[in-house]
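Taking it in order: structure first as structure tokens, then the write-up.
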Amino acid sequence: MRKNILISFIFLVGLIGVALFSANSPSKEQDRGPKALTHFFAESLKEPLSDPYTSSLYRPGEILFEPLLDYQNGRLDRAIPKLKSLSDKGNADAMYWYANHLMRVSVKSRLDGYKWFEKSAKQGNPYSAMMLDSANETCRTYFGSLCEASWGEVSKQLLRERAEQGDIRAKYYLEKPKDPFISKNFSKWISLIEEAAKENFFAPVMELIFVYENQSKLNKEQRNDLRHVLTFMANRNFVPAYDRLYVYSDSQTTYDEAIKLGSKAQLTDRALECGEISDTISDSDLIDCLSEGYTLEEVYNDSLPLRFIHTPNKPEIIEKAKLKSTEFIKSMTPMIYIDEMHENGFY
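Under UniProt numbering, read the sequence shown as residues 1 to 347, first letter to last.
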């Protein structure tokens, strides 16, 4: 009798083990690599869309466009006063970004950051509520015992309300599986990513691409598939996709479109590259080179590349370079690719 019970127990443990292995082992979809993103292979678009803001979080004219663009570009000297003003006027979304800055910039301003997150959450911002959740590592790091689990439920409810109103970002962050790489969750994750992509919200795609890029098992065909997915997003004017294509070219191919859309990485590469030979090039080429350095300084608050560019003792060259930079900045159509879950543009 005992022997039969023992055999049954071992058999049951075996079944449980098989079930757990099946649930946690890679699914066929995962093994397919980027091809699992069927939406990206069903449509083709050979040229970038004419609308530069197709995948931008905000558009020019919207109240948060300028302050968030400055925030994204590292021009905090411009962004923070604008965000503070909007926060003082009751804009709950601006409060998130202002609070995020206060939380990180100094220990002395950290408590003020907490208070702005709290005020923002109470006015309906789900991402601020997330920042106060004790399950959030960032909250525990900066706010310690002030974090409360109850804010996690508040954030879910607020996300749900936004999702019901058609907010695709809220739907994604609400429904994304906690462990998307478990076989049973992966299909749902892919479905959410593709649903988001259909509305030109590409941060979820970049999250998945980051995972694929860190898998050494990708074969040549799958790497080409990754380039296809990146090109799909680049043609919808998504700067991070352009920047990944730049990396895939071994940093050899920069894209004029990307620089005009606001790719600091690629503009920096061009400025440093011409800086290496700037003491041997013609005056017209030097004007181009210096103008790129001045653009980086003005738009991104980064003067470092200028230090590597030869500055001639010719005031007319400097004046022409600054004028060219000013005209280029006016022609730029920068898009916003950061959001509350990817505040530094990292995925």
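Quick reminder that beta carbons are idealized off the backbone N, C-alpha and C, glycines included.
Jot down the residue ranges of each uninterrupted alpha helix (DSSP H) in the segment 53 to 82, minimum 4 residues, whole runs only, in chain order. 65 to 72
From V247, R307, H228, Y300, pick the residue whose C-alpha is nearest to that of V205; which is it? Reading the sequence shown from its first residue, position 205 is the one you call residue 205. Looking at the Cα atoms, H228 is the closest of the given residues.
Rounded straight-line distance, which links the Cα of P334 to that of D51: In the sequence shown, counting from the first residue as 1, residue 51 sits at position 51. In the sequence shown, counting from the first residue as 1, residue 334 sits at position 334. Between D51 and P334, the C-alpha separation is close to 11 Å.
Please name the residue in A258, L286, Q72 whose C-alpha comes closest to that of A321. Within the sequence shown, the letter at position 321 stands for residue 321. Checked all of A258, L286, Q72; the closest Cα to A321 is L286.
What do you get for R104, buried or exposed, if any count of 16 or more other CB atoms within 10 angstroms of its CB means buried? If you number the sequence shown from 1, residue 104 lands on position 104. Exposed is the call here.
Name the one or two DSSP bridge partners that residue 349 has. For residue 349 there is no data in the structure shown, the boundaries of the chain being 1 and 347.
Relative to the C-alpha of K330, which candidate in I318, R270, G262 has its C-alpha closest? Along the sequence shown, read from residue 1 onward, the residue named residue 330 stands at position 330. Checked all of I318, R270, G262; the closest Cα to K330 is G262.
With the cut-off set at 9 Å, would you say A203 and V154 are in Cβ contact? Walking along the sequence shown from the start, residue 203 turns up at place 203. Walking along the sequence shown from the start, residue 154 turns up at place 154. Their beta carbons are not under 9 Å apart, which means A203 does not touch V154 by this criterion.
Distance between M95 and Y58 (C-alpha atoms, nearest Å): Taking the sequence shown and counting its residues from 1, one reaches residue 58 at position 58. Taking the sequence shown and counting its residues from 1, one reaches residue 95 at position 95. Their backbone Cα atoms lie some 16 Å apart in a straight line.
Residues in its own chain within less than 8 Å of I336 by CB, not counting five upstream and five downstream? Along the sequence shown, read from residue 1 onward, the residue named residue 336 stands at position 336. So the qualifying residues of the chain are S56, L57, Y58, F65, L68, L69, Q72.
Enclosing alpha helix (DSSP H) for S155 [first to last residue]: Numbered from its first residue, the sequence shown carries residue 155 at position 155. That run of the alpha helix (DSSP H) goes 150 to 164.
Alpha-carbon to alpha-carbon, K260 and L158: If you number the sequence shown from 1, residue 158 lands on position 158. If you number the sequence shown from 1, residue 260 lands on position 260. In a straight line, the C-alpha of L158 is about 36 Å away from that of K260.
Using CA coordinates, which residue listed in T138, G124, C147 is at the minimum distance from K156? As a first step, residue 156 is located in the sequence shown; it is residue number 156 there, counting from the start. For K156, the nearest C-alpha among the options comes from G124.
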